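Enquirer: Here it is, the structure in full.
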Amino acid sequence: MQLRLLLATLAAACTLGLPFSAAAQVADLAPRTTFFVEPSKSSKLLVINPSAELSVTPTDWLEVHTGYEADIVSGATESLKGGRLSPVDIVSSATHFKDTRHQVSGGVGVTRDNTKLSATYTYGTEADYHSNAFSVQSGTTFLQKNTELTLAYGRGFDRVCTTAFADSDGASVKTPLDSSKGCFTKAADRASRKVDLDNFQAGWTQTWTPVFASQLVLYGGLQHGFLENPYRAVVIAPAGDEALENHPDNRLRMAVAARAKYYLRPLRMAVSAGARLYRDTWDIFGQTYELEAERYVWPELRVMVHGRYYTQTEALFWSDDYTGGEPQDGPRGQYWTGDRELSPLSSYLLGGRFIFKKNAEPTKRIAHVMLSFETSLSFDLMKTSLKEFTWGGSKPDDTLALIGSLGVRGTF
Amino acid sequence: MLQLVFVLLLLALGGCVTVRPEQRAVLADPTMQFDNDPGDGAARDHVLENREGSTGGSSVKGGGCGCN
Chain A
1 MQLRLLLATL AAACTLGLPF SAAAQVADLA PRTTFFVEPS KSSKLLVINP
51 SAELSVTPTD WLEVHTGYEA DIVSGATESL KGGRLSPVDI VSSATHFKDT
101 RHQVSGGVGV TRDNTKLSAT YTYGTEADYH SNAFSVQSGT TFLQKNTELT
151 LAYGRGFDRV CTTAFADSDG ASVKTPLDSS KGCFTKAADR ASRKVDLDNF
201 QAGWTQTWTP VFASQLVLYG GLQHGFLENP YRAVVIAPAG DEALENHPDN
251 RLRMAVAARA KYYLRPLRMA VSAGARLYRD TWDIFGQTYE LEAERYVWPE
301 LRVMVHGRYY TQTEALFWSD DYTGGEPQDG PRGQYWTGDR ELSPLSSYLL
351 GGRFIFKKNA EPTKRIAHVM LSFETSLSFD LMKTSLKEFT WGGSKPDDTL
401 ALIGSLGVRG TF
Chain B
413 MLQLVFVLLL LALGGCVTVR PEQRAVLADP TMQFDNDPGD GAARDHVLEN
463 REGSTGGSSV KGGGCGCN
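As they're listed, the protein sequences go chains A and B. For the first sequence, our numbering begins at 1 and goes up steadily by one. For the second sequence, our numbering begins at 413 and goes up steadily by one.
Laid out in structure tokens, this is it:
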């Protein structure tokens with residue numbers, strides 16, 4: 001009881017900065033660590049993402065939540081992009097780097113009958129990027145809880161560090177950062193530029209029969225500002241001239257996703273299928289298809305396996321090599337990129353997850369404090385096929401990725 | 413306009429469906445919930461968004477509730 005009260009008070013005080021006198025009914029603590037690794041000889045990348053979320057429900061209608069996460073990134077990156085015709089040794093110029101992003105968030109949720117409203121503020125910081133974001137979400141159920149509608153909106157006010165070029169400078173003379181040293185200080189050779197983000201999402205979940213449910217999600221996002229990688233230069237002339245990446249300042253992104261779940265009684269297994277179509281104003285068209293199956297192997301342990309296929313077309317201004325004499329007023333003459341995520345690609349993902357959940361028996365608690373305890377362990381393998389992207393004519397070898405995640409959740 | 417009519421039609425169709433609370437045992441099970449491990453899903457989405465040109469449309473919570 002004392003621990004529950006302590007967690008409740010801590011969460012409320014941390015999130016609101018105010019004393020909170022009501023006794024907590026439930027506190028939910030969920031730490032997790034995720035890793036992402038691309039085992040490559042030339043540009044091995046490792047990302048470790050520890051996180052923790054705490055939510056407290058002091059009364060039936062109020063929920064207070066707070067969270068922290070970090071991205072600890074290390075590896076090597078090619079800071080210069082050239083294609084098949086580029087006269088530079090790009091792979092051997094890869095530089096090692098290490099960076100950490102910290103992110104904290106806090107918010108409140110209010111529930112009334114079948115409707116919930118919540119608001120969250122998030123602040124993120126790293127050596128070369130600062131972000132402030134708020135989001136609001138609402139959801140309601142009706143038709144005897146067979147229908148659920150959700151609406152969400154998020155607004156981000158970000159700033160990214162760049163070299164101190166003037167906006168009026170020609171794109172071909174802008175230079176990339178060589179390091180994050182001096183970022184967000186008064187250093188004369190550094191500047192920060194805005195990135196504005198708006199995201200809308202609407203969801204409709206419907207139960208149709210006692211064993212069948214579906215979901216439709218609509219998404220729209222608008223990005224405005226400096227959308228390039230400030231470290232990456234691109235070879236833009238046959239003589240080897242290079243310049244900072246140059247992307248359009250605006251990007252409107254839209255997606256529609258549909259998924260369905262069905263319970264196979266003979267197998268005592270839930271199966272799910274989903275598809276997502278994506279389109280943006282940079283002319284990328286993406287398709288995602290997913291299959292998933294989950295069942296209990298013990299009353300407390302369930303296992304999920306899933307597969308995912310993704311494919312996308314290239315951005316309108318994408319080229320593996322910009323030295324071939326594109327018209328200056330054409331999309332590849334005005335803009336240039338070294339971003340492989342803007343190239344045509346496809347990927348396969350296969351993985352699985354174990355979840356163990358134990359609920360306390362009535363009038364008892366697990367380890368004297370918990371109403372329930374849950375742990376999940378997941379593992380995914382992703383293979384990407386880059387159809388055109390090269391590093392100076394060489395196919396990248398960092399196209400295999402491993403994703404693992406271990407999380408626990410305790411309800412107090 | 414056609415899309416709006418389509419959505420309204422689907423919603424109206426949804427109104428014809430009644431799964432009663434006592435029929436929700438399966439729907440209320442975590443295996444039948446969309447986004448039934450949000451921490452794991454968010455971590456995977458975070459990775460994928462940094463490796464693909466697409467974003468958005470992730471699963472949202474929901475999928476039936478036995479809480480009447």
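For glycine and all other residues, C-beta sits at the position ideal for the given N, C-alpha and C. Keep in mind it's a predicted model, so treat the numbers as computed, not measured.
Mind checking if GLY221(A) is an interface residue toward chain B, Cβ cutoff 8 Å exclusive?
Expert: yes
Enquirer: Flag this pair as yes or no: are the beta carbons of PHE373(A) and GLY410(A) separated by less than 8 Å?
Expert: yes
Enquirer: Tell me which residue opens and which closes the alpha helix (DSSP H) that GLU290(A) is part of.
Expert: Not the alpha helix (DSSP H): GLU290(A) falls in the beta strand (DSSP E), residues 285-296.
Enquirer: Roughly how many whole angstroms lie between the Cα atoms of PHE226(A) and GLN435(B)?
Expert: 52 Å
Enquirer: Under 8 Å between the Cβ atoms of SER272(A) and TYR310(A)?
Expert: no
Enquirer: Which full runs of the beta strand (DSSP E) of 3+ residues lie inside the region 146-184 of chain A, going along the chain?
Expert: 147-163
Enquirer: Pair every Cβ in the region 118-126 of chain A with every Cβ in the region 388-404 of chain A, then say whether three or more of these pairs are closer than 8 Å.
Expert: no
Enquirer: Rounded to a whole number of angstroms, what is the C-alpha to C-alpha distance between ALA23(A) and VAL108(A)?
Expert: With a pLDDT of 45 at ALA23(A), under the threshold of 50, the predicted position of this residue should be treated as unreliable, and no value is reported.
Enquirer: Grouping DSSP H, G and I as helix and E and B as strand, with all else coil, what is ASP198(A)?
Expert: Reduced to three states, the DSSP call for ASP198(A) is strand.
Enquirer: With distances taken from CA atoms, which of SER214(A), GLN144(A), ALA76(A), THR100(A) is nearest ASP113(A)?
Expert: GLN144(A)
Enquirer: Using a C-beta to C-beta distance shorter than 8 Å, which residues of chain B count as neighbours of ASP380(A)?
Expert: ARG456
Enquirer: Would you identify the three-state DSSP class for GLN435(B), choosing helix, strand or coil?
Expert: helix
Enquirer: Taking 8 Å as the CB-CB limit, is PHE418(B) close to chain A?
Expert: no
Enquirer: With DSSP run on the structure shown, which of helix, strand or coil describes GLU38(A)?
Expert: strand
Enquirer: How many Å lie between VAL56(A) and PRO266(A) at the Cα?
Expert: Rounded to the nearest angstrom, the two C-alpha atoms are 39 Å apart.
Enquirer: For a cutoff of 8 Å on Cβ pairs, would you count GLN415(B) as touching chain A?
Expert: Output row for GLN415(B): interface = no.
Enquirer: Please return the same chain residues whose Cβ sits closer than 8 Å to the Cβ of SER86(A), not counting the five positions on each side in sequence.
Expert: VAL235, GLY240, ASP321, THR323, GLY392, GLY393
Enquirer: Would you say ARG259(A) faces chain B, with C-beta separation under 8 Å as the test?
Expert: yes
Enquirer: I'd like to know whether the C-beta of ILE355(A) is nearer than 8 Å to at least one C-beta of chain B.
Expert: yes
Enquirer: Please report the straight-line C-alpha distance between PHE412(A) and TYR68(A), rounded to a whole angstrom.
Expert: Their Cα atoms are separated by approximately 19 Å.
Enquirer: Distance, Cα to Cα, LEU381(A) vs ARG155(A)?
Expert: 32 Å
Enquirer: Could you work out which residues of chain B lie near PRO210(A), taking near to mean beta carbons separated by less than 8 Å?
Expert: Under the 8 Å cutoff, chain B gives VAL431, GLN435, ARG436, ALA437, VAL438, LEU439.
Enquirer: Which term fits SER286(A), buried or exposed, when burial requires 16 or more other beta carbons within 10 angstroms of its beta carbon?
Expert: Ser is not the amino acid found at residue 286(A); the sequence shown has Gly there. The residue in question, GLY286(A), is buried, as its Cβ has 16 or more Cβ neighbours within 10 Å.
Enquirer: Using 8 Å as the limit for Cβ to Cβ distance, is SER21(A) near chain B?
Expert: With a pLDDT of only 40 at SER21(A), under the threshold of 50, the placement of this residue in the model should not be trusted; the figure read from the coordinates follows. It does not; no Cβ of chain B falls within 8 Å.
Enquirer: Just the C-alpha distance for ALA257(A) and ALA187(A), rounded to the nearest angstrom, thanks.
Expert: 45 Å
Enquirer: At what residues does the beta strand (DSSP E) containing PRO58(A) begin and finish?
Expert: 45-59
Enquirer: Taking Cβ positions, are MET304(A) and GLU290(A) nearer each other than 8 Å?
Expert: no
Enquirer: In chain B, which residues lie with their C-beta within 8 Å of the C-beta of SER376(A)?
Expert: ASP449, GLY451, ASP452
Enquirer: As a quick exercise: from GLU294(A), GLN328(A), LEU342(A), HIS368(A), pick the residue whose alpha carbon is nearest that of THR313(A).
Expert: Checking every option, the nearest Cα to that of THR313(A) belongs to LEU342(A).
Enquirer: Classify SER470(B): buried if its beta carbon has 16 or more other beta carbons within 10 angstroms, exposed otherwise.
Expert: buried
Enquirer: Please report the distance separating the alpha-carbon of VAL136(A) from that of TYR123(A).
Expert: 15 Å
Enquirer: Give the DSSP-derived three-state secondary structure of ASP28(A) in the structure shown.
Expert: strand
Enquirer: State yes or no: is the beta carbon of ARG253(A) nearer than 8 Å to at least one beta carbon in chain B?
Expert: Residue-level contact check: ARG253(A) touches chain B, since one or more beta carbons of chain B fall below 8 Å from its beta carbon.
Enquirer: Might you give, ordered along the chain, the residues of its own chain that have their beta carbon closer than 6 Å to the beta carbon of ASN359(A), omitting 5 neighbours on each side?
Expert: SER372
Enquirer: Looking only at DSSP bridge pairs, what is ARG276(A) linked to?
Expert: ALA257(A), THR288(A)
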